[in-house]
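**Student:**
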Amino acid sequence: MGVARYWREIPARYNLIGKKCGVCGKVYFPPRIVCPKCRRKSIGKMEDYKLSGKGTVESFTVIRVPPPEFEGKSPYVMALIKMDEGCYLTGQIVDCSIDEVHIGMRVEACLRRIQEDGKRGAIYYGYKFRKAEE
Amino acid sequence: MREVAIIGIGMTKFGELWDKSFRELVAEAGIQAILDAGIEGEEIDALYLGGMSTGRFIGQEHVGPLAVEVAGLEDLHLPATRVEAACASGGVAMHQGFLAVASGMYDIVVVGGAEKMTDVVGGEATNILASAADREWESFFGITFPGLYALIAKYHMHKYGTTQEQLAMVAVKNHYNGSMNPKAQFRRKISVEDVLKSPLVADPLHLLDCSPITDGAAVAILAPLDIAKKYTDKIVKIKASALACDTLSYHGRKRFDSLPAAVEAAKRAYKMAGIEPKDVDLAEVHDCFTIAEIIAIEDLGFVEKGKGGKATEEGLTALDGEIPVNTSGGLKAKGHPVGATGVAQINELVMQLRGEAGERQVKDATIGLAHNVGGSGGTAVVHILEAI
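The structure is reproduced here in structure tokens:
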């Protein structure tokens with residue numbers, strides 16, 4: 170896969186830059202082009218918005234059979250996270266034992282290596298989450 | 048809008064069919080359906096073929112003309128359309144076929160679904176299936192398809208107290224039903240203990256909570272109701288065909304304990320058919336994972352939200368229950384060749400409604416419902432069929 174595919178997502182994946190609707194003020198992450206609430210009115214009014222990186226685990230699973238790009242990394246925890254701004258995303262939970270993860274756990278984003286394009290290809294970074302103070 | 052009926056069905060055996068190619072599968076199911084309907088090639092007006100990822104599974108896109116060629120219909124220059132909606136490709140192909148006949152554009156329409164999944168090796172199939180999720184914002188970060196349904200399962204268990212045993216009971220029931228289906232991939236009965244002892248794939252889902260990798264094809268032939276009478280006495284009418292979509296990603300949804308698109312598709316289908324959930328005699332639902340059947344019976348209105356696990360435990364959906372679900376064995380035991388599944392569900396309903404389901408026949412079945420889901424719920428298709 171060409172690196173441009175990853176390069177263009179860098180603002181969102183490195184810095185959690187999402188979008189805020191200039192009409193209703195709702196925050197979207199992953200970034201959206203049109204606000205599903207305001208639709209037509211939101212055209213051209215979606216502004217960049219940096220998330221705080223703080224959120225809460227709403228659900229989680231332990232991946233035991235990983236996809237090929239994550240071979241050798243399992244078991245690892247993937248979670249549905251509700252960000253404090255109200256939007257949801259899917260991310261990995263790191264830096265704690267699997268048994269510590271629970272629904273309602275407070276987490277914060279950190280920048281980590283996600284996957285790489287073979288041994289000689291580009292390394293792709295992005296957000297993962299670690300335990301935060303309750 | 049014209050009323051539409053199903054005049055013929057056909058389906059290959061489902062399984063790891065190493066000796067059969069994609070085109071042989073399509074031909075086999077198609078020939079069975081043509082013979083069942085008693086039609087000649089010249090009578091066919093159009094063809095729709097559901098396939099999720101032929102390009103990645105067998106390196107072959109453009110399978111519309113491939114189907115025309117295997118059927119020997121190229122001299123008719125038959126209009127053929129390949130339909131893709133991940134695991135709902137077959138259901139969406141049915142919807143397209145229904146629209147084509149209902150609109151009056153075509154009379155006899157062949158709807159097929161096929162997938163050849165075992166020509167790829169290792170983790171490749173898992174990776175291809177992950178393309179039904181959001182590649183940039185879900186799969187990229189390491190979530191697998193079983194992983195997404197595991198998130199749903201965990202959420203449901205936390206919110207409603209659904210148990211691992213209740214999840215396992217879905218698999219046990221569907222394997223039991225599959226044991227009576229000669230075309231099913233798995234015909235072995237299993238126990239709750241077998242499921243719980245099988246390796247974890249994505250907690251809380253064990254291997255036996257998951258549908259398998261399968262090769263197979265299924266076909267249904269549609270015709271306007273008035274013409275259908277010319278071909279068959281056992282007419283099965285399509286009372287409703289409804290399609291609904293949602294966000295591609297699971298995290299983008301309004302609810303996490305339900306597939307809102309399935310709720311909406313069901314609502315539209317019930318309205319179109321003029322019936323209520325309690326009028327349904329049997330259902331084929333999209334049990335790609337055991338939790339999926341539990342939320343399906345809730346989303347379809349057979350039970351209240353949150354009560355799907357308990358209802359399964361109490362036998363509501365068993366073959367001799369109030370509303371038998373997945374009499375074919377479901378995706379779990381019959382197998383899940385993704386693009387074929389939606390049409391295979393229609394095959395089972397037609398057999399049941401004609402009274403040709405043998406050992407697993409549901410008594411006095413008149414109304415059947417099929418629920419086919421793409422991805423983690425981005426697409427949902429509901430069909431309601433009636434024996435008349």
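Heads up: the protein sequence lines correspond to chains A and B, in order.
If you count the first sequence from 1, position 9 lands on 178 in the numbering used here, and the numbers rise without skipping.
If you count the second sequence from 1, position 326 lands on 373 in the numbering used here, and the numbers rise without skipping.
No residue lacks a Cβ here, since even glycine has one placed at the ideal position from N, Cα and C.
(1) For a quick check, are the C-beta atoms of A/Met356 and A/Leu220 less than 8 Å apart?
(2) Would you mind telling me which residues of chain B sit closer than 7 Å to A/Ile186, beta carbon to beta carbon, in chain order?
(3) Which residue's Cα is closest to the Cα of B/Asp256: B/Lys281, B/Ala265, B/Asp241 and B/Ala270?
(4) Taking buried to mean at least 16 other C-beta atoms within 10 Å of its own C-beta, is B/Leu456 buried or exposed?
(5) Between B/Asp367 and A/Ala181, what straight-line distance do the alpha-carbon atoms span, to the nearest angstrom?
(6) Can you tell which of B/Asp92, B/Val110, B/Asp273 and B/Ile91 has the C-alpha that lies nearest to the C-alpha of B/Glu71?
(7) Note down, in chain order, each residue of its chain lying with its Cβ closer than 7 Å to the Cβ of B/Ala197, except the 5 sequence neighbours on either side.
(8) Of all the CB atoms in chain A, is at least one closer than 8 Å to the CB of B/Glu183?
(9) Please determine, among B/Leu96, B/Tyr278, B/Ala132 and B/Lys314, the residue with the shortest C-alpha to C-alpha distance to B/Leu125.
(10) Quick check: is the beta carbon of B/Ser186 nearer than 8 Å to any beta carbon in chain A?
(11) Taking the beta carbon of B/Ser136 as the centre, do at least 16 other beta carbons fall within 10 Å, making it buried, or is it exposed?
(12) Does the CB of B/Val248 have a neighbour CB from chain A at under 8 Å?
(13) What's the call for B/Ser150, buried or exposed, on a 16-neighbour Cβ count within 10 Å?
(14) For B/Thr173, decide whether its Cβ has a neighbour in chain A, counting only Cβ atoms nearer than 8 Å.
(15) Does DSSP put B/Ser186 in a helix, in a strand, or in coil?
(16) Does B/Leu198 come within less than 8 Å of chain A when only Cβ atoms are used?
(17) Determine, using beta carbons only, whether B/Cys292 and B/Gly425 come nearer to each other than 8 Å.
(18) By Cβ distance, which residues of its chain are closer than 7 Å to B/Glu360, with the 5 residues on each side in sequence left out?
(19) By how many angstroms is the C-alpha of B/Ser305 removed from the C-alpha of A/Pro199?
(20) Give the straight-line distance between the Cα atoms of B/Arg400 and B/Leu269, rounded to the nearest whole angstrom.
(21) Put B/Leu396 into one of helix, strand or coil per three-state DSSP.
(22) What residues in the stretch 210-230 of chain A bring their beta carbon closer than 9 Å to a beta carbon of chain B?
(23) Using a Cβ cut-off of 8 Å (strictly closer), state whether B/Ile190 contacts chain A.
(24) Which first and last residues belong to the beta strand (DSSP E) in which A/Met215 is found?
(25) Can you pull out the residues from the stretch 261-280 of chain A whose beta carbon lies closer than 7 Å to at least one beta carbon of chain B?
(26) Return the chain-ordered list of same chain residues with a C-beta closer than 6 Å to the C-beta of B/Val385, the five sequence neighbours on each side being excluded.
(27) Determine, for B/Tyr207, whether the minimum Cβ-Cβ distance to residues of chain A falls below 8 Å.
(28) Using a Cβ-Cβ cut-off of less than 9 Å, give me the residues of the stretch 331-365 of chain B that come near chain A, in sequence order.
(29) Taking DSSP's pairing of strands, which residues face A/Cys190 in a bridge?
(30) Just curious, the beta strand (DSSP E) that B/His430 is in, first and last residue?
(31) Ignore the nearest five residues each way along the sequence and tell me which others in B/Val115's own chain have a CB closer than 6 Å to its CB.
(32) Establish whether the CB of B/Lys244 and some CB of chain C are separated by less than 8 Å.
(33) Quick one: which chain A residues come within Cβ less than 7 Å of B/Gly194?
(34) On the CB-based measure, 16 or more other CB atoms within 10 Å of its CB, does A/Tyr257 come out buried or exposed?
(35) Using C-beta distances below 8 Å, list every residue in its chain close to A/Ile272, excluding the 5 sequence neighbours before and after it, in chain order.
(36) I need the straight-line Cα distance from A/Lys288 to B/Phe69, nearest angstrom please.
**Tutor:** This is what the structure holds:
(1) Here chain A comprises residues numbered 170 to 303, so residue 356 of chain A is not present and cannot be evaluated.
(2) Neighbours of A/Ile186 on chain B: none; closest Cβ ~14 Å, over 7 Å.
(3) B/Asp241
(4) The question about residue 456 of chain B has no answer here: the residues shown for chain B are numbered 48 through 435.
(5) 52 Å
(6) B/Val110
(7) Ala249, Asp250, Pro251 and Leu252
(8) yes
(9) B/Leu96
(10) yes
(11) buried
(12) yes
(13) exposed
(14) yes
(15) helix
(16) yes
(17) yes
(18) Gln213 and Met216
(19) 21 Å
(20) For clarity, residue 400 of chain B is Leu in the given sequence; the question names Arg instead. Approximately 16 Å between the Cα atoms of the pair.
(21) helix
(22) Glu227, Ser228, Phe229 and Thr230
(23) yes
(24) Met215 to Lys219
(25) Gln261 and Ile272
(26) Met99, Cys134 and Glu162
(27) no
(28) none
(29) A/Met215
(30) Thr426 to Ala434
(31) Glu121, Leu125 and Ala127
(32) Looking for chain C here will not work: the only protein chains present are A and B.
(33) Thr230, Ile232 and Met247
(34) buried
(35) Val226, Glu227, Ser228 and Phe229
(36) 34 Å
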